[in-house]
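>
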Amino acid sequence: GAVVSQHPSRVICKSGTSVKIECRSLDFQATTMFWYRQFPKQSLMLMATSNEGSKATYEQGVEKDKFLINHASLTLSTLTVTSAHPEDSSFYICSARVLGQVNTEAFFGQGTRLTVV
Amino acid sequence: GENVEQHPSTLSVQEGDSAVIKCTYSDSASNYFPWYKQELGKRPQLIIDIRSNVGEKKDQRIAVTLNKTAKHFSLHITETQPEDSAVYFCAASIKGGATNKLIFGTGTLLAVQP
Numbered sequence: 001g002a003v004v005s006q007h008p009s010r011v012i013c014k015s016g017t018s019v020k021i022e023c024r025s026l027d028f029q030a031t032t033m034f035w036y037r038q039f040p041k042q043s044l045m046l047m048a049t050s051n052e053g054s055k056a057t058y059e060q061g062v063e064k065d066k067f068l069i070n071h072a073s074l075t076l077s078t079l080t081v082t083s084a085h086p087e088d089s090s091f092y093i094c095s096a097r098v099l100g101q102v103n104t105e106a107f108f109g110q111g112t113r114l115t116v117v
Numbered sequence: 118g119e120n121v122e123q124h125p126s127t128l129s130v131q132e133g134d135s136a137v138i139k140c141t142y143s144d145s146a147s148n149y150f151p152w153y154k155q156e157l158g159k160r161p162q163l164i165i166d167i168r169s170n171v172g173e174k175k176d177q178r179i180a181v182t183l184n185k186t187a188k189h190f191s192l193h194i195t196e197t198q199p200e201d202s203a204v205y206f207c208a209a210s211i212k213g214g215a216t217n218k219l220i221f222g223t224g225t226l227l228a229v230q231p
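Residue numbers (our numbering), protein chains in the order written: chain A, 1 to 117; chain B, 118 to 231.
#1: Counting C-beta neighbours from all protein chains within 10 Å, is the total for Val-117(A) 16 or more, i.e. buried, or is it exposed?
#2: Taking 8 angstroms as the threshold (beta carbon to beta carbon), is Leu-44(A) in contact with chain B?
#3: Do Phe-108(A) and Val-4(A) have their CB atoms nearer than 8 angstroms?
#4: Counting contacts by CB-CB distance shorter than 8 angstroms, is Arg-97(A) in contact with chain B?
#5: Measure how close the beta-carbons of Ile-93(A) and Arg-160(B) come, nearest whole angstrom, since I'm counting them as under 8 angstroms.
#6: If the cut is a Cβ gap below 8 angstroms, which residues of chain B does Phe-34(A) touch?
#7: What residues in the stretch 130-146 of chain B bring their beta carbon closer than 8 angstroms to a beta carbon of chain A?
#8: At a CB-CB cut-off below 7 angstroms, which residues of chain B make contact with Ala-106(A)?
#9: Looking at chain E, is there any beta carbon in it that lies within less than 8 angstroms of the beta carbon of Asn-103(A)?
#10: What residues from chain A crowd round Thr-223(B), counting only those whose CB sits closer than 8 angstroms?
#11: Which stretch, first to last residue, makes up the beta strand (DSSP E) that contains Leu-173(B)?
#12: Identify, in the order they occur along the chain, each residue of the same chain with its Cβ nearer than 8 angstroms to the Cβ of Val-130(B), setting aside the five sequence neighbours on each side.
#13: Can you check whether the C-beta of Ile-69(A) is within less than 8 angstroms of a C-beta belonging to chain B?
#14: Just tell me which of Thr-82(A), Gln-101(A) and Glu-105(A) has its CA closest to the CA of Ser-15(A).
#15: Does the contact criterion of 3 or more C-beta pairs under 8 angstroms hold for the stretch 184-196 of chain B versus the stretch 94-101 of chain A?
#16: Relative to the C-alpha of Gln-60(A), which candidate in Gly-53(A), Met-47(A), Phe-67(A) and Ala-84(A) has its C-alpha closest?
#17: How should His-71(A) be labelled, buried or exposed, when 16 other C-beta atoms within 10 angstroms of its C-beta is the threshold for buried?
#18: Thr-75(A) and Ala-30(A) - do their beta-carbons sit closer together than 8 angstroms?
#19: Counting only beta-carbon separations shorter than 8 angstroms, does Asn-120(B) have a partner in chain A?
#20: Is the closest heavy atom of the ligand NAP to the C-beta of Pro-231(B) under 7 angstroms?
Have a look at this one:
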């Protein structure tokens, strides 16, 4: 299947700093990528839909100025957690679909474990 | 709003028994329903999916059924093995702009006892 690579896999940062997470589709193009947040033993909560060349669409309750998303190319989307606080500590995971496909498998990255201290 | 409910939250079965996980969705326009398996610390992996134009799909020991009228879909695993132990998530595709977004259920922790 298609491969989605997420970097870094783990990051520890100080409270008040910003952290950037990259999501790359390695062997396919993706107009749309999705960013999820997963707390321990909980489900995948959709944060936003990242659209190549346009603004991201955020889910209700997700602060767009807190979680900046940039989708500059068909293979790369980035999520920046700005002014991180301990409550932002979580597992962030992205997924992507092959360009042009709507109801098909979404491929997931390996996730990023963010710890804010 | 869009919602996917999943039951049970935990399921323990003996090796060789069957396991059934059930989900309901709220958006009647949903037309794609994947199931993902997530092992501890790893990414979710698609194990089977079904589209709204069919009622059942089977792949070896795994099957999924869909009842569009009731807005229910279920995952059936037969002859369970210890390596089936993981968290299973159902999802429903919700229309969201140029593509459909996936809304996930709350997950089921399946433990297969040897």
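We treat Cβ as the ideally placed atom computed from N, Cα and C, and that holds for glycine.
So, from the listed chains and residues:
#1: So Val-117(A) counts as exposed.
#2: At least one CB atom of chain B sits nearer than 8 angstroms to the CB of Leu-44(A).
#3: Note that the C-beta distance between Phe-108(A) and Val-4(A) is below 8 angstroms.
#4: Yes, Arg-97(A) counts as interfacial toward chain B.
#5: Going by Cβ atoms, the distance from Ile-93(A) to Arg-160(B) rounds to 7 angstroms, so yes, they are a contact pair.
#6: The answer, in chain order, is Lys-218 and Leu-219.
#7: Shown here is that no member of the stretch 130-146 of chain B has a Cβ falling below 8 angstroms from a Cβ of chain A.
#8: Result: Leu-219.
#9: Absent here is chain E; the protein component of the structure consists of chains A and B.
#10: What Thr-223(B) touches in chain A: Gln-42 and Ser-43.
#11: The sequence as given places Glu at residue 173(B); Leu does not occur at that position. 173-176 is the extent of the beta strand (DSSP E) around Glu-173(B).
#12: Taken in chain order, the residues that qualify are Ala-136, Thr-197, Leu-227, Ala-228, Val-229 and Gln-230.
#13: By this cut-off, Ile-69(A) is not an interface position.
#14: Nearest of Thr-82(A), Gln-101(A) and Glu-105(A) to Ser-15(A), Cα basis: Thr-82(A).
#15: Contact between the stretch 184-196 of chain B and the stretch 94-101 of chain A is absent, with fewer than three C-beta pairs closer than 8 angstroms.
#16: The shortest Cα separation from Gln-60(A) among Gly-53(A), Met-47(A), Phe-67(A) and Ala-84(A) belongs to Met-47(A).
#17: Under this definition His-71(A) is a buried residue.
#18: In contact: Ala-30(A) and Thr-75(A) (Cβ atoms closer than 8 angstroms).
#19: Chain A contact via Cβ: absent.
#20: Ligands in the displayed structure: none, and consequently the ligand NAP is not present.
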